[in-house]
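Before any comments, here is the structure.
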Amino acid sequence: MTIPLLDLRAQFQTIKHEVIPALLDVVESQRFILGEPVARLERALAEFIGVPCAVACASGTDALLLSLKALLLRPGDEVITTPFTFFATAGAIHNAGGKPVFVDIDAATFNIDAARLENSVTERTRAIVPVHLFGQMAPMDGVLDVAQRFGLAVIEDAAQAVGARQQLAGEWRHAGSLGMTGAFSFFPSKNLGGCGDGGMITTGDPDLAERLRRLRAHGGAKQYHHEEIGTNSRLDSLQAAVLLAKLPHLAEWNIARRTHAAAYTEALRDLDGIAVPATALSNEHVFNQYTIRAVRRDDLKAHLTEGGIGSAVYYPRPLHLQPCFEYLGYSRGQFPEAERACEEVISLPVYPELTPDQRDEVVEKIRELHR
Ligand SMILES: Cc1ncc(COP(=O)(O)O)c(C=O)c1O
Numbered sequence: 144m145t146i147p148l149l150d151l152r153a154q155f156q157t158i159k160h161e162v163i164p165a166l167l168d169v170v171e172s173q174r175f176i177l178g179e180p181v182a183r184l185e186r187a188l189a190e191f192i193g194v195p196c197a198v199a200c201a202s203g204t205d206a207l208l209l210s211l212k213a214l215l216l217r218p219g220d221e222v223i224t225t226p227f228t229f230f231a232t233a234g235a236i237h238n239a240g241g242k243p244v245f246v247d248i249d250a251a252t253f254n255i256d257a258a259r260l261e262n263s264v265t266e267r268t269r270a271i272v273p274v275h276l277f278g279q280m281a282p283m284d285g286v287l288d289v290a291q292r293f294g295l296a297v298i299e300d301a302a303q304a305v306g307a308r309q310q311l312a313g314e315w316r317h318a319g320s321l322g323m324t325g326a327f328s329f330f331p332s333k334n335l336g337g338c339g340d341g342g343m344i345t346t347g348d349p350d351l352a353e354r355l356r357r358l359r360a361h362g363g364a365k366q367y368h369h370e371e372i373g374t375n376s377r378l379d380s381l382q383a384a385v386l387l388a389k390l391p392h393l394a395e396w397n398i399a400r401r402t403h404a405a406a407y408t409e410a411l412r413d414l415d416g417i418a419v420p421a422t423a424l425s426n427e428h429v430f431n432q433y434t435i436r437a438v439r440r441d442d443l444k445a446h447l448t449e450g451g452i453g454s455a456v457y458y459p460r461p462l463h464l465q466p467c468f469e470y471l472g473y474s475r476g477q478f479p480e481a482e483r484a485c486e487e488v489i490s491l492p493v494y495p496e497l498t499p500d501q502r503d504e505v506v507e508k509i510r511e512l513h514r
């Protein structure tokens, strides 16, 4: 049996009858840029996340970049984030004119360690970008507390966490509803993925939403009149049509991912040399990735590949050790938890359409190496 890390074709078969007519409608209309489906998607996602406003854009990277551009960073302004994330998080900080400042992760959840945040705040710090990694929200109580005390903006990198929730002061809140903005990605492998690139910014601030709408269209409120310098970052109607067809299924897909994750955890928790992922008590995880630690990670990856099972290492190198960030002056050993995670993590197939038999096969292959 061959089991891919992700099987988008299996998902497409279940929703083809909804996606194709929606795509055809857009093609018939010949209105491809922004347009009515995009406005509808903005309203639907805002409602799903529980925020007043959502602004669609071209990618998750741009959702971060536009949010950061709205801060009007000056040279030397610092933005705190995690070194254990996809490159876009820190790349966007640099491209918006900021200086990325890294804070190590919590070993149990892979998310930024809120207890270490305060020590990294300086008089140049402007914002914190917590990343809700693999589908589990970062500890927002700690992040918001530091942000509030030091007057910092919070931009949630929710690219991997659409639908994830956290209990704060007794209330369940969605990823993307707590910061100044939330940045979402509709890259096809995300829990809500389009047929190409796409992104969304959520915010509770209608004025900021208007500014972000201008920034995604070269900073102009009216044609050929530009208040500030933005960029071209629009979602097209074809992507919005696909995403509108998929959004009603998202909650059930996230439940299916959680069911797979619980079964893996049950089956793998006692194996020597394997550590199953932890979910913080206050979190509802949506498992964009089901990521274990394995002492013999590279052997395990090779063994799974040989057995026809897809897996991936997210991420093999922490951002503070990327060549392009050498100028920041970090060195190996500075963020030991992020560095250890890079050596130990491996993500397993956890897509909603995975069958229990396929899941058992993945478990069996892992057991073969840990008897
Ligand atoms: C944590 C994180 N941030 C940002 C992004 C960027 O999203 P996009 O690929 O849509 O630009 C991704 C995408 O993989 C991501 O995983």
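Every position in the sequence shown, counted from 1, becomes a number in my numbering once 143 is added. All residues carry an ideal CB built from backbone N, CA and C; glycine is no exception. Computed from a prediction, not measured in an experiment: that's the story for all the values here.
Query	Result
Round the Cβ separation of residue 319 and residue 146 to the nearest angstrom and send it over; I've been treating them as touching at under 8 Å.	With 8 Å as the limit, residue 319 and residue 146 do not qualify as a contact, their Cβ atoms being about 31 Å apart.
From residue 460 to residue 162, what distance separates their C-alpha atoms?	37 Å
Starting from the C-beta of residue 264, find all residues in its chain whose C-beta is less than 8 Å away, skip the five residues before and the five after it, and write them out in chain order.	223, 289, 293 and 295
I'd like to confirm the pairing. Which residues does DSSP put opposite residue 491 in its beta bridges?	433
Inspect the beta-carbon positions of residue 445 and residue 417 and report whether they are closer than 7 Å.	no
Tell me the residue span of the alpha helix (DSSP H) that contains residue 205.	203-212
Taking DSSP as the reference, what is the three-state secondary structure of residue 365?	strand
Hey, would you say the C-beta of residue 328 is under 6 Å away from at least one heavy atom of ligand 1?	yes
Secondary structure at residue 271, three-state DSSP: helix, strand or coil?	strand
Under 7 Å between the Cβ atoms of residue 428 and residue 502?	no
Among the residues of its own chain, which have a CB less than 8 Å from the CB of residue 512, if the five just before and after it don't count?	439, 442, 443 and 446
Please confirm whether any heavy atom of ligand 1 lies closer than 6 Å to the CB of residue 157.	no
Can you determine whether any heavy atom of ligand 1 sits closer than 6 Å to the C-beta of residue 302, and answer yes or no?	yes
Answer yes or no: do residue 284 and residue 311 have a C-beta to C-beta separation smaller than 7 Å?	yes
Under the three-state reduction of DSSP, which class applies to residue 328: helix, strand or coil?	strand
Could you check if residue 434 belongs to the surroundings of ligand 1, using beta carbon to heavy atom distance under 6 Å?	no
According to DSSP, simplified to helix, strand and coil, what is residue 159?	helix
Per DSSP, residue 342 is paired with what?	200 and 328
Taking C-alpha atoms, which residue in 469, 394, 414 and 462 lies nearest to residue 510?	414
Under 8 Å, with one C-beta from each stretch per pair, do the region 240-248 and the region 183-200 reach the 3-pair mark?	no
With DSSP run on the structure shown, which of helix, strand or coil describes residue 225?	coil
Quick one: does the C-beta of residue 324 sit closer than 6 Å to a heavy atom of ligand 1?	no
Using the beta-carbon count (16 or more within 10 Å), is residue 498 buried or exposed?	exposed
Is it the case that the region 217-235 contacts the region 371-390, given that we only count it when at least three CB pairs across the two stretches are under 8 Å?	no
Since I believe residue 300 is in contact with residue 207 (beta carbons under 8 Å), could you give me their beta-carbon distance rounded to a whole number of angstroms?	6 Å
So, for residue 184: in the same chain, excluding its five sequence neighbours on each side, which residues have a beta-carbon less than 7 Å away from its beta-carbon?	199, 383, 386 and 387
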